[in-house]
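Engineer:
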Amino acid sequence: EYIQSLFESHLSGQGLGLHELAAFAATLQDLVHAEAMGVLSGIYERVGISFGQNVTSDHLQEIVRMYLACYLFGPNLWEIVMASNETPWQDEVQALYPSWPEVALWAQDVQNSVTHEMHQVQSPFQALELPDPEDVVVAIGNQFGAFQDQECQSLKDSLVEIEYQKTGRVLLSDFYRGGLNSDWQFSESVQYLRMLGALDDSDPARLSVIIPNYLSSQSNCLASSSFYSVCCLSQCESLLSQLERAVGGPSASPSYLAALVASMPSETMDAPRNLSSTLLQRLEEIADQNHGQVPIHGRLFAQFLHHAYPRECPFPHEIGTTQSLTPEEWLAANGEESLASPEEMMHFVVLGSNQSNTTTTLQDEGLPLPWITTEELVVGISSHHRHHSHPNASDGPGVMRQVGLFLAAAAALWATSSRLWSSFHTPSDDLKLPRYIV
1 EYIQSLFESH LSGQGLGLHE LAAFAATLQD LVHAEAMGVL SGIYERVGIS
51 FGQNVTSDHL QEIVRMYLAC YLFGPNLWEI VMASNETPWQ DEVQALYPSW
101 PEVALWAQDV QNSVTHEMHQ VQSPFQALEL PDPEDVVVAI GNQFGAFQDQ
151 ECQSLKDSLV EIEYQKTGRV LLSDFYRGGL NSDWQFSESV QYLRMLGALD
201 DSDPARLSVI IPNYLSSQSN CLASSSFYSV CCLSQCESLL SQLERAVGGP
251 SASPSYLAAL VASMPSETMD APRNLSSTLL QRLEEIADQN HGQVPIHGRL
301 FAQFLHHAYP RECPFPHEIG TTQSLTPEEW LAANGEESLA SPEEMMHFVV
351 LGSNQSNTTT TLQDEGLPLP WITTEELVVG ISSHHRHHSH PNASDGPGVM
401 RQVGLFLAAA AALWATSSRL WSSFHTPSDD LKLPRYIV
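So for the sequence shown, our numbering puts the first residue at 1; every next one is plus one.
Here it is in structure tokens:
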């Protein structure tokens, strides 16, 4: 809280420039490391050895696996697990998290990699040593996101298999049907899905779950920490990064962006392709609202990307209409579980089965997806861009391009640290050196 107030008083509600953002990232990195070392110190105490003391091979494996369990479930749930005297703690963990054996095996591979790297720089005349547990847990924190994304990909594949008419959505009845046949997946309540922004209720008679919004939601995040969660990697970010590199500025013409998107494949969309007349019209409508240019970091262009890549890019809800709450936070705020009961799930399954099987014929453009005309910009387009920018020209000596690329990387950092910060007000468009609010 002291660090938070210090940043806020220094910035005076103006947001973060690149220098301040770099300082904030470095500070947050130090806080995350200190937190990890605090957890590790507690595990040393539980194992019965002093923190920093040399450990045996058995101790090292036990410490690493205990840390991994804390990393997955958080200290509160971990204490509950350790308090159980009826079964070994690893059996308790596996009952809560069926993929525990695979995760534990991955952690062993990380430990082996750290050991190998240490031996590579060690003198051949020295006896081989075990790595410090601190080095192993830091490596686990750095690499867990990529490992966890493998499970996210499997989850996405399961959803795409039951996707409704190539819309990037799964009918709620099919979603719950899968949940009733699963140990723990696809069982979030309607209220919780709506709050997360994962529910499409634009057609009340045909509720559906938006695949990329669901994948990126807190419901599928692991690794509890006071500062961040490990969530599914956004496949849309790589697409936006390609566009940022090609555009080299904050905006471009509709025709130029249409050509770029038509040539860009994704995991589920082939390229080159012809964009539908509806998609082309959407780009023109965005440009009409923004002086003939399409801001690539605005809400409307994010919505366009969702329409162009419905399985990769999330639907961008208007600010203030959704909340990114964990199941625990949802329970504390609403007094009810985030999961639907089997009876509730069965209700929607039966309701879906009773609905007419007559569906709209799928055209080349697919079924219409919701489109909300509200624009929300990170920053306004300056008069310089309105009158002098070329669709794929950089702004000055590459400054705007660097800012655009940095924004994409910084967005995830800002989102995961939101508990530390209160909202900043968007600065005036008239500032010559605007601060970019992420």
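Where a beta carbon is used, it is the ideal one built from N, C-alpha and C, also for glycine.
Which of the three DSSP states is assigned to Val170 in this structure?
Structural biologist: Within the sequence shown, residue 170 is the residue found at index 170, counting from 1. In the structure shown, Val170 sits in a strand (DSSP, three-state: E or B).
Engineer: On the CB-based measure, 16 or more other CB atoms within 10 Å of its CB, does Phe227 come out buried or exposed?
Structural biologist: Position 227 of the sequence shown, counting from 1, holds the residue named residue 227. With fewer than 16 other Cβ atoms within 10 Å, it is exposed.
Engineer: Report the three-state DSSP secondary structure of Pro310 (helix, strand or coil).
Structural biologist: Against the sequence shown, residue 310 aligns to sequence position 310. Coil, per DSSP.
Engineer: Just reading off the beta strand (DSSP E) that Ile210 is part of, what are its end residues?
Structural biologist: Sequence index remark: in the sequence shown, residue 210 carries index 210 (1-based). Start and end: 208–210.
Engineer: What's the gap between the Cα of Val247 and the Cα of Phe315?
Structural biologist: The residue you call residue 247 lines up with position 247 of the sequence shown. The residue you call residue 315 lines up with position 315 of the sequence shown. Cα-Cα distance, rounded: 22 Å.
Engineer: Would you say the segment 325–332 touches the segment 276–295, given that touching needs at least three Cβ pairs under 8 Å?
Structural biologist: Result no; under three Cβ-Cβ pairs closer than 8 Å.
Engineer: Using the C-alpha atoms, what's the distance from Cys70 back to Ala104?
Structural biologist: Numbered from its first residue, the sequence shown carries residue 104 at position 104. Numbered from its first residue, the sequence shown carries residue 70 at position 70. Answer to the nearest angstrom: the Cα atoms are 12 Å apart.
Engineer: Measuring straight from C-alpha to C-alpha, what distance separates Arg299 and Asp203?
Structural biologist: In the sequence shown, the residue the question calls residue 299 occupies position 299. In the sequence shown, the residue the question calls residue 203 occupies position 203. Rounded to the nearest angstrom, the two C-alpha atoms are 22 Å apart.
Engineer: Can the beta-carbon of Met345 be found closer than 9 Å to that of Leu207?
Structural biologist: Here residue 345 is taken as the residue at index 345 of the sequence shown, counted from 1. Here residue 207 is taken as the residue at index 207 of the sequence shown, counted from 1. No; because the gap between Cβ atoms is not below 9 Å, this pair is not in contact.
Engineer: Does the segment 184–199 come close enough to the segment 231–239 to have 3 or more Cβ pairs within less than 8 Å?
Structural biologist: Contact fails: fewer than three Cβ-Cβ distances are below 8 Å.
Engineer: Find the nearest neighbour of Gln165 within the set Phe348, Arg311, Ala333, judged by alpha-carbon distance.
Structural biologist: Position 165 of the sequence shown, counted from the start, is the residue given in the question as residue 165. If we check each option's Cα against that of Gln165, Arg311 comes out closest.
Engineer: Across which residues does DSSP place Asp200 in a beta bridge pair?
Structural biologist: Residue 200 sits at position 200 when you count from the first residue of the sequence shown. Ser208.
Engineer: State yes or no: is the C-beta of Glu328 nearer than 8 Å to some heavy atom of the ligand ZN?
Structural biologist: No copy of the ligand ZN occurs in the structure displayed, which carries no ligand at all.
Engineer: Assuming Leu339 and Val294 form a contact by the criterion Cβ under 8 Å, report the distance between their Cβ atoms to the nearest whole angstrom.
Structural biologist: The residue given as residue 339 occupies position 339 in the sequence shown. The residue given as residue 294 occupies position 294 in the sequence shown. About 40 Å separates the two Cβ atoms, so there is no contact after all.
Engineer: Quick one: is Thr167 buried, meaning 16 or more other Cβ sit within 10 Å of its Cβ, or exposed?
Structural biologist: Locating residue 167 in the sequence shown gives position 167, where the first residue counts as 1. Thr167 is buried by the Cβ-count criterion.
Engineer: Bridge partners of Ser251, per DSSP?
Structural biologist: For the purposes of this step, residue 251 is taken as the residue at position 251 of the sequence shown. Partner(s): Pro295.
Engineer: Which residue from Glu102, Pro254, Gln185 puts its Cα closest to that of Asn290?
Structural biologist: The count along the sequence shown starts at 1 and reaches residue 290 at position 290. Ranking Glu102, Pro254, Gln185 by Cα distance to Asn290 puts Pro254 first.
Engineer: Classify Leu339 as helix, strand or coil using the three-state DSSP reduction.
Structural biologist: As a working mapping, residue 339 is identified with position 339 in the sequence shown. Leu339: strand per DSSP, three-state reduction.
Engineer: From this set, Ser353, His59, Leu96, which residue's C-alpha is nearest Leu222's C-alpha?
Structural biologist: Looking up residue 222 in the sequence shown gives position 222. Ranking the options by Cα distance to Leu222, first place goes to Leu96.
Engineer: Nearest CA to the CA of Asn220: which residue from Ala271, Glu188, Ser241, Leu130?
Structural biologist: Counting from one through the sequence shown, the residue named residue 220 turns up at place 220. Residue Glu188 is the option with its Cα nearest to Asn220.
Engineer: Check each candidate in Thr374, Pro272, Phe348 and name the one with the smallest Cα separation from Gly320.
Structural biologist: Locating residue 320 in the sequence shown gives position 320, counting from the first residue. Of Thr374, Pro272, Phe348, the residue nearest in Cα terms is Thr374.
Engineer: Does Met37 come within less than 9 Å of chain D when only Cβ atoms are used?
Structural biologist: Chain labels in this structure do not include chain D; a single protein chain is all it has.
Engineer: Can you give me the C-alpha to C-alpha distance between Ser113 and Leu28, rounded to a whole angstrom?
Structural biologist: Counting from one through the sequence shown, the residue named residue 113 turns up at place 113. Counting from one through the sequence shown, the residue named residue 28 turns up at place 28. Their backbone Cα atoms lie some 26 Å apart in a straight line.
Engineer: I believe Val209 touches Arg177 by the beta-carbon criterion, under 8 Å. Please report the beta-carbon distance rounded to the nearest angstrom.
Structural biologist: Locating residue 209 in the sequence shown gives position 209, where the first residue counts as 1. Locating residue 177 in the sequence shown gives position 177, where the first residue counts as 1. About 12 Å separates the two Cβ atoms, so there is no contact after all.
Engineer: State the beta-bridge partners of Leu222 as determined by DSSP.
Structural biologist: Start at 1 with the first residue of the sequence shown, and residue 222 comes out as number 222. Leu222 is bridged to Val230.
Engineer: Give me the DSSP bridge partner(s) of Glu188.
Structural biologist: Counted from its first residue, the sequence shown places residue 188 at position 188. Answer is Leu339, bridged to Glu188.
Engineer: Less than 9 Å between the C-beta atoms of Leu325 and Gln218, yes or no?
Structural biologist: If you number the sequence shown from 1, residue 325 lands on position 325. If you number the sequence shown from 1, residue 218 lands on position 218. Going by C-beta atoms, Leu325 is nearer than 9 Å to Gln218.
Engineer: Pull up the distance between the alpha-carbon of Asp270 and that of His307, whole angstroms please.
Structural biologist: Working through the sequence shown from its first residue, we reach residue 270 at position 270. Working through the sequence shown from its first residue, we reach residue 307 at position 307. Cα-Cα distance, rounded: 15 Å.
Engineer: Taking DSSP as the reference, what is the three-state secondary structure of Met269?
Structural biologist: Within the sequence shown, the letter at position 269 stands for residue 269. Here Met269 sits in coil by DSSP.
Engineer: DSSP three-state label for His19, please.
Structural biologist: Stepping through the sequence shown from its first residue, residue 19 is reached at position 19. Looking at His19 - three-state DSSP - the assignment turns out to be helix.
Engineer: Mind checking Ala447: buried by the 16 CB within 10 Å criterion, or exposed?
Structural biologist: Nothing in the structure corresponds to residue 447, since the chain is present only between 1 and 438.
Engineer: If you check the beta carbons only, do His120 and Val64 fall under 9 Å apart?
Structural biologist: Start at 1 with the first residue of the sequence shown, and residue 120 comes out as number 120. Start at 1 with the first residue of the sequence shown, and residue 64 comes out as number 64. Correcting the residue type first, residue 120 is Gln in the shown sequence and not His. No, Cβ-Cβ distance for Gln120 and Val64 is not below 9 Å.
Engineer: If you draw a straight line from the alpha carbon of Ser154 to that of Glu161, how long is it in whole angstroms?
Structural biologist: One-based indexing of the sequence shown puts residue 154 at position 154. One-based indexing of the sequence shown puts residue 161 at position 161. Ser154 and Glu161: Cα-Cα distance of roughly 11 Å.
Engineer: Could you tell me whether the Cβ atoms of Ser195 and Gln323 are closer together than 9 Å?
Structural biologist: Start at 1 with the first residue of the sequence shown, and residue 195 comes out as number 195. Start at 1 with the first residue of the sequence shown, and residue 323 comes out as number 323. A quick correction: the sequence has Met, not Ser, at residue 195. Yes, the pair counts as a contact, with Cβ atoms nearer than the cut-off.
Engineer: Can you check which of these residues, Glu318, Ser251, Thr268, Leu279, is closest to Gly292 by C-alpha distance?
Structural biologist: Residue mapping note: residue 292 aligns to position 292 of the sequence shown, counting from 1. For the residues Glu318, Ser251, Thr268, Leu279, the minimum Cα distance to Gly292 belongs to Ser251.
Engineer: Of all the options Leu21, Leu377, Tyr309, which has the alpha carbon lying nearest to the alpha carbon of Ser263?
Structural biologist: Stepping through the sequence shown from its first residue, residue 263 is reached at position 263. Nearest C-alpha to Ser263: Tyr309.
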